[in-house]
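Participant: Got a structure here, written out as structure tokens. Questions coming.
2 protein chains.
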Amino acid sequence: MRFSRFLVHTTKETPSEATLPSHIYLIRGGFIQSVGGSGLYNFLPLGKKVLDRVERVVKEELDRAGCQEVSLSFVTPASLWQESGRFEKYGKELLRFKDRKENDFILGPTHEEMMVALVRQSVKSYKQLPLNLYQINLKFRDELRPRFGLMRGREFLMKDGYSFHTSIEDMQREFALMETTYKKIFTRLGLDFRVVEADSGAIGGSGSKEFMVLADSGEDTIVVCDGCEYGANIEAAVRRERACEAEAPEAAFAKFYTPDVKTIDELSAFFKVDPYYLVKTVAMRALYDEGRSEVVLFALRGSDELQEVKACNAVDANDLIEITEEELQEIGLVPGFMGPRVVPDGVRVVLDETLKEASSMICGSNEKDYHLVGVDLKDAKTEYFDLVAVQEGDLCAHCGRLLRYTKGIEVGHIFQLGTRYSDPLGCNFLDENGKSVPMVMGTYGIGVSRLLAAIIEQHHDDSGCIWTKESAPFDRIWSNKRFVDADPAAYTVFAA
Amino acid sequence: MRFSRFLVHTTKETPSEATLPSHIYLIRGGFIQSVGGSGLYNFLPLGKKVLDRVERVVKEELDRAGCQEVSLSFVTPASLWQESGRFEKYGKELLRFKDRKENDFILGPTHEEMMVALVRQSVKSYKQLPLNLYQINLKFRDELRPRFGLMRGREFLMKDGYSFHTSIEDMQREFALMETTYKKIFTRLGLDFRVVEADSGAIGGSGSKEFMVLADSGEDTIVVCDGCEYGANIEAAVRRERACEAEAPEAAFAKFYTPDVKTIDELSAFFKVDPYYLVKTVAMRALYDEGRSEVVLFALRGSDELQEVKACNAVDANDLIEITEEELQEIGLVPGFMGPRVVPDGVRVVLDETLKEASSMICGSNEKDYHLVGVDLKDAKTEYFDLVAVQEGDLCAHCGRLLRYTKGIEVGHIFQLGTRYSDPLGCNFLDENGKSVPMVMGTYGIGVSRLLAAIIEQHHDDSGCIWTKESAPFDRIWSNKRFVDADPAAYTVFAA
């Protein structure tokens, strides 16, 4: 087709709500078009070509890795979500609707339930495993604030894959294969990215990795090491344990009058002690299913900050919320003087793991204007978890070099899922002994339409989009009466 | 990938609701899977491969014809449907839902409004026309009775294309190009099909053609000529005007006492006259917008049958419904003795065009037990339309050979749309004189997922599916230690 007949609708107007380069340039360059400003987008011919090329790279590498493509119904029956428990648990992002017969349906935001239902019908024996099925299909999430163009739209294109195994070991083998495959995909797409350890929620373990395209505009803060490959989401980052050069305060266990001395800084100045030896105690209300909740005191060193996602996972809660001073006082806790030693009935205590061997500490007494000194936490009969937020300047747990913060755009997420869905949905297989056991699952996602935005966040100049070789809409262009290799920067003209 | 690792879930059980071969074999052969029996389907790896191959043929031929692919949001804002008037008019098949902010949205069953909204934003000048944009994307129709597997599901894959022009002539050129392109597509897919004239509703003219795959199980009755290419939907079929060998009755105009002689047969026997010379009068209530309705008498020769879709289009109504005897009597019409000559006030009369030159006819007098003879309809000041249903044995209007009925599955529909959407939605362009005029549109659809069912309806044996060359999931198979061309019948084993 002659380029003159190709629909390229460029515009000089920047959409008022657009702040990110990708949002501005994809619209101005005629790649996408907003539908009523509600997080819905049309792909124009140029955008569709880029989308197809990106999709092709994803598909080729997955097929090469032995994955099999399927296509699941986008509209999904609510009954499956009731089986898994997510019909109630999932928030308002789950778009529910009724059909003409008043049956409940859901526009799939993710397809674990559907894929498990597919497999439990089709696979019965260990001989049919392992199996890795994927689709590249529409998803819908009813975001409260759709924004940033393709970065956080409501309808989007996603590659979602799910693998099924006879054992955790085999699932972990596939998980590693998917990590390699994802690296190939993002490398072919010309992206500068990091694989980072991610928060794996209540499942715990190191079972979740995210693929982050490095870009200043990224929504996620990630911790990276310049000395080695290590990278992690801020919610999952770990560090080498801090040492403290200052000496520990020497004092026998005692209650100390500390009038109006409330903050770590005040306490450090009052006792002339390094915050490392002070205990910071943060009270939060942890929310669970069916409206249940409890008050938890999270205690860590005064030199550290609490990482709330880690704290939430530690108590296996759905969410943590703040508690007002009035509420605290009703329970019998005194803001500014809280501590983990002796607490009112019904209050749960969780300690950071760096306090496991801590002695000679200073902490609140749960009594107004008093702190305890010479506290030994070794004998605290309580739970220890990693609760700290890694800071820039902390040291890498792997190589000891400095860690720093950077910004990333999440374009992929791989997850060791275990039996979280296969168990409640009854996705079982007969093992070699004829015993019926739930399949062990992994799940693997790539934000296909988001990749277009991520590429442009990393590759643009003042004139607009610069596509990478494998994502460019055209390989060759007609110039000076012959075809020449297209300079990816050639596409910047579309935004001029 | 080794075939032994490929997920093929065959089953010997026939789904209870399945009656058509394609429904039975696509499920038994492991191509698709029903999702909760509600007209939703998952494509398993084998089905997805076939779907991709079919999609590829469609895409290749459209691209070759100069069409440009886009991808429109599946979720569409209700505001666009309000602009076009279809939010109210479209029945319950239009799935409406509210998002978390209580805004109305629609799961697109077709995308005229969306595509017009895309183009009115992107195209301003005659220099940018013509333009033919298409997508291959999901559609949702909340069918009252989803059935026949992929034939009439609720969520399905469709190719929908829309062209935009400066004139009717240019639109008709594109319409012809699309007809040629569709023929190439269905020929490549190995289908025995007919292009048939279709009912084009209120727009009229010969502006609509359907592509029918010939199969005994087809839902549509089509009229075909064995002598030439002519084919038409039963609602649109025309024939060579019938002649009558019997002589016309000779009688002066008179009112005749015909006690209890009501039917055409009785009348023919009573007067010893061929039904050709009798007038059959059918009363219907025509329904219009906003609850308006009127009584219409449709009159045709006694030897003919009324085609209700033709009748409905003749009076430009939304629907025709029957009238009870009581209602007729209230209006002043007498069942069995109705005629088009003198009618009560407010009753509309529409004559079949074969009555235009009719004289010496016999018809009801609108008075109990009396008919009129020697009626001359030449001077009837009324409207003439083609109202007759073509019968098997009628003669082809083009070549004079016999017409016969056959069954077809609609897999494509092309339509001369005109300005039906561009006008209300303000999709205008500036012509060469700088005048703003609405674009002239065509629209072109292919049921992509339905094609899988159509192929199997035409190509199967007792063991299951037989794919055609371009739709087969595999070109070559590994047999006797080497690759050989796959016999399409090889896929029948999947249903064994």
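In order, the protein sequences belong to chains V and C.
Residue numbering for the first sequence follows the working numbering, starting at 376 and increasing by one per position.
Residue numbering for the second sequence follows the working numbering, starting at 376 and increasing by one per position.
Just so it is clear, CB atoms sit at the ideal spot from N, CA and C, and this is done for glycine as well.
1. For Glu-758 of chain C, count the other beta carbons within 10 Å of its own beta carbon; 16 or more makes it buried, fewer makes it exposed. Which is it?
2. Does the separation of the CB atoms of Val-709 of chain C and Pro-715 of chain C fall below 8 Å?
3. Count the other C-beta atoms from every protein chain shown that fall within 10 angstroms of the C-beta of Val-398 of chain C, then say buried if there are 16 or more, exposed otherwise.
4. Chain V beta carbons: is any one of them nearer than 8 Å to that of Glu-807 of chain C?
5. Could you pull the start and end residues of the alpha helix (DSSP H) that Asn-808 of chain C belongs to?
6. Return the first residue and the last residue of the beta strand (DSSP E) that Arg-522 of chain V is part of.
7. By how many angstroms is the C-alpha of Ser-542 of chain V removed from the C-alpha of Ser-838 of chain V?
8. Comparing C-alpha positions only, which one of V:Pro-624, V:Met-659, V:Asn-803 and V:Leu-564 sits nearest to Gln-833 of chain V?
9. Which word fits Gln-457 of chain C, buried or exposed, when buried means at least 16 other C-beta atoms lie within 10 angstroms of its C-beta?
10. Please classify Ile-696 of chain V as buried or exposed, where buried requires at least 16 neighbouring CB atoms within 10 angstroms.
11. For Glu-530 of chain V, write down the residues that DSSP places opposite it in a beta bridge.
12. Does the beta carbon of Asp-535 of chain V come closer than 8 Å to any beta carbon on chain C?
13. Here's a check: name, in chain order, each residue in its chain whose Cβ is nearer than 8 Å to the Cβ of Leu-401 of chain C, leaving out the five neighbours to either side.
14. Is it buried or exposed for Arg-795 of chain V, if we count other Cβ within 10 angstroms and need 16 for buried?
15. Please confirm if Ser-668 of chain V has its CB atom under 8 Å from at least one CB of chain C.
16. How is the beta strand (DSSP E) around Tyr-400 of chain C delimited, first residue to last?
17. Determine the closest residue to Asn-608 of chain V out of V:Tyr-780, V:Gly-405 and V:Arg-403, with distance taken between C-alpha atoms.
18. My parser needs the alpha helix (DSSP H) runs of 4 or more residues fully inside the region 631-712 of chain C; what are they?
19. Is it the case that the Cβ atoms of Ala-661 of chain C and Ile-698 of chain C are separated by a distance below 8 Å?
20. Under 8 Å, with one C-beta from each stretch per pair, do the region 800-813 of chain C and the region 594-601 of chain C reach the 3-pair mark?
21. Just the Cα atoms here: how many angstroms apart are Ala-612 of chain C and Leu-770 of chain C?
22. May I have the straight-line CA-CA distance separating Tyr-663 of chain V from Val-670 of chain V, to the nearest angstrom?
23. For Arg-475 of chain V, would you say it is in contact with chain C, using Cβ-to-Cβ distances shorter than 8 Å as the test?
24. Under 8 Å between C-beta atoms, does Gln-457 of chain C make it to chain V?
25. Determine, for Ser-413 of chain V, whether the minimum Cβ-Cβ distance to residues of chain B falls below 8 Å.
26. Measure the C-alpha to C-alpha separation of Gly-528 of chain V and Lys-476 of chain C and round it to an integer number of angstroms.
27. Cβ closer than 8 Å: which chain V residues qualify as neighbours of Gln-496 of chain C?
28. Tell me whether Ala-440 of chain C is buried or exposed, calling it buried when 16 or more other Cβ atoms sit within 10 Å of its Cβ.
29. When you compare each of C:Arg-614, C:His-746 and C:Glu-702 to Phe-646 of chain C by their alpha carbons, which one comes out closest?
30. Here's the rule I'm using: 16 or more other beta-carbon atoms within 10 Å means buried, otherwise exposed. How should Cys-619 of chain C be labelled?
31. Which residues in chain C have a C-beta closer than 7 Å to the C-beta of Val-445 of chain V? List them in chain order.
32. Considering only their Cβ atoms, is the gap separating Gln-791 of chain C from His-547 of chain C smaller than 8 Å?
33. What do you get for Tyr-632 of chain C, buried or exposed, if any count of 16 or more other CB atoms within 10 angstroms of its CB means buried?
34. Examine chain V for any beta-carbon lying closer than 8 Å to the beta-carbon of Asp-428 of chain C, and answer yes or no.
35. Between Gly-580 of chain C and Asp-574 of chain C, what straight-line distance do the alpha-carbon atoms span, to the nearest angstrom?
36. For Pro-715 of chain C, does the three-state DSSP call read helix, strand or coil?
Facilitator: On the basis of the data shown:
1. Here the question's residue 758 of chain C lines up with position 383 in the second sequence. Exposed.
2. Start at 1 with the first residue of the second sequence, and residue 709 of chain C comes out as number 334. Start at 1 with the first residue of the second sequence, and residue 715 of chain C comes out as number 340. For the pair Val-709 of chain C and Pro-715 of chain C, the CB atoms are not nearer than the 8 Å cut-off.
3. Here residue 398 of chain C refers to the residue found at position 23 when the second sequence is read from its first residue. Before going on, a small fix: residue 398 of chain C reads as His here, not Val. Buried.
4. For the purposes of this step, residue 807 of chain C is taken as residue 432 along the second sequence, with counting starting at 1. For Glu-807 of chain C, the answer is no, since every Cβ of chain V falls outside 8 Å of its Cβ.
5. Translated into positions along the second sequence, residue 808 of chain C becomes position 433. Per DSSP, Asn-808 of chain C belongs to no alpha helix (DSSP H) and is neither H nor E.
6. Reading the first sequence from its first residue, position 147 is the one you call residue 522 of chain V. Here Arg-522 of chain V belongs to no beta strand (DSSP E), and DSSP marks it neither H nor E.
7. To locate residue 838 of chain V, count along the first sequence from 1; it is residue 463. To locate residue 542 of chain V, count along the first sequence from 1; it is residue 167. Computed Cα separation, rounded: 52 Å.
8. Mapped onto the first sequence, residue 833 of chain V falls at position 458. If we check each option's Cα against that of Gln-833 of chain V, V:Leu-564 comes out closest.
9. Mapped onto the second sequence, residue 457 of chain C falls at position 82. The residue in question, Gln-457 of chain C, is exposed, as its Cβ has fewer than 16 Cβ neighbours within 10 Å.
10. As a first step, residue 696 of chain V must be located in the first sequence, where it is residue number 321. Ile-696 of chain V comes out exposed.
11. On the first sequence, position 155 is the one that residue 530 of chain V refers to. Paired residues: V:Phe-515.
12. In the first sequence, counting from the first residue as 1, residue 535 of chain V sits at position 160. Taking CB atoms only, Asp-535 of chain V has no neighbour in chain C less than 8 Å away.
13. Here residue 401 of chain C refers to the residue found at position 26 of the second sequence. Hits under 8 Å: Ile-407, Gly-422, Gly-524, Leu-525, Leu-827, Ala-828, Ile-831 and Cys-840.
14. As a position in the first sequence, residue 795 of chain V is number 420, starting the count at 1. Counting of Cβ neighbours within 10 angstroms places Arg-795 of chain V among the buried residues, the total reaching 16 or more.
15. Along the first sequence, one-based indexing puts residue 668 of chain V at 293. Cβ-Cβ to chain C under 8 Å: no for Ser-668 of chain V.
16. By one-based count along the second sequence, residue 400 of chain C stands at place 25. Here Tyr-400 of chain C belongs to no beta strand (DSSP E); instead the alpha helix (DSSP H) covers 396-403.
17. Sequence index remark: in the first sequence, residue 608 of chain V carries index 233 (1-based). From the listed residues V:Tyr-780, V:Gly-405 and V:Arg-403, the smallest Cα separation to Asn-608 of chain V is found for V:Tyr-780.
18. Annotation note: the region 631-712 of chain C contains the following uninterrupted alpha helix (DSSP H) runs of length 4 or greater, listed N- to C-terminal: 639-646, 683-689 and 700-706.
19. Counting from 1 along the second sequence, the entry for residue 661 of chain C is found at position 286. Counting from 1 along the second sequence, the entry for residue 698 of chain C is found at position 323. Contact: no.
20. Fewer than three beta-carbon pairs drawn from the region 800-813 of chain C and the region 594-601 of chain C are found closer than 8 Å, and the two stretches are therefore not classed as touching.
21. Within the second sequence, residue 612 of chain C is the residue found at index 237, counting from 1. Within the second sequence, residue 770 of chain C is the residue found at index 395, counting from 1. Spanning the alpha carbons of Ala-612 of chain C and Leu-770 of chain C requires a straight line of approximately 11 Å.
22. Translated into positions along the first sequence, residue 663 of chain V becomes position 288. Translated into positions along the first sequence, residue 670 of chain V becomes position 295. Computed Cα separation, rounded: 11 Å.
23. To locate residue 475 of chain V, count along the first sequence from 1; it is residue 100. Yes, because at least one Cβ of chain C sits closer than 8 Å to the Cβ of Arg-475 of chain V.
24. What you label residue 457 of chain C is simply residue 82 of the second sequence in a count that begins at 1. False, the Cβ-Cβ gap to chain V never drops below 8 Å.
25. Reference to chain B is not applicable here, since the protein chains of this structure are V and C.
26. One-based indexing of the first sequence puts residue 528 of chain V at position 153. One-based indexing of the second sequence puts residue 476 of chain C at position 101. Those two C-alpha atoms are separated by around 15 Å.
27. Along the second sequence, read from residue 1 onward, the residue named residue 496 of chain C stands at position 121. Correct list: His-384 and Gln-408.
28. As a first step, residue 440 of chain C is located in the second sequence; it is residue number 65 there, counting from the start. Label assigned to Ala-440 of chain C: buried.
29. The count along the second sequence starts at 1 and reaches residue 646 of chain C at position 271. C:His-746 is the residue among C:Arg-614, C:His-746 and C:Glu-702 whose C-alpha sits nearest the C-alpha of Phe-646 of chain C.
30. Mapped onto the second sequence, residue 619 of chain C falls at position 244. Its Cβ having fewer than 16 others within 10 Å, Cys-619 of chain C is exposed.
31. Reading the first sequence from its first residue, position 70 is the one you call residue 445 of chain V. Those within 7 Å of Val-445 of chain V in chain C are Asn-417, Phe-418, Leu-419, Pro-420 and Lys-423.
32. Residue mapping note: residue 547 of chain C aligns to position 172 of the second sequence, counting from 1. Residue mapping note: residue 791 of chain C aligns to position 416 of the second sequence, counting from 1. The amino acid at residue 547 of chain C is misidentified as His; the sequence shows Gln. In contact: Gln-547 of chain C and Gln-791 of chain C (Cβ atoms closer than 8 Å).
33. Start at 1 with the first residue of the second sequence, and residue 632 of chain C comes out as number 257. Tyr-632 of chain C should be labelled exposed.
34. Here residue 428 of chain C is taken as the residue at index 53 of the second sequence, counted from 1. Note that residue 428 of chain C is Arg in the sequence shown here, rather than Asp. No, no contact with chain V.
35. By 1-based counting over the second sequence, the position of residue 580 of chain C is 205. By 1-based counting over the second sequence, the position of residue 574 of chain C is 199. Residue confidence for Gly-580 of chain C is low, a pLDDT of 45 falling below 50, so the modelled location carries little weight; the figure read from the coordinates is stated next. Approximately 9 Å, taken between the alpha carbons.
36. Here residue 715 of chain C corresponds to residue number 340 of the second sequence, with the count starting at 1. Pro-715 of chain C: coil per DSSP, three-state reduction.
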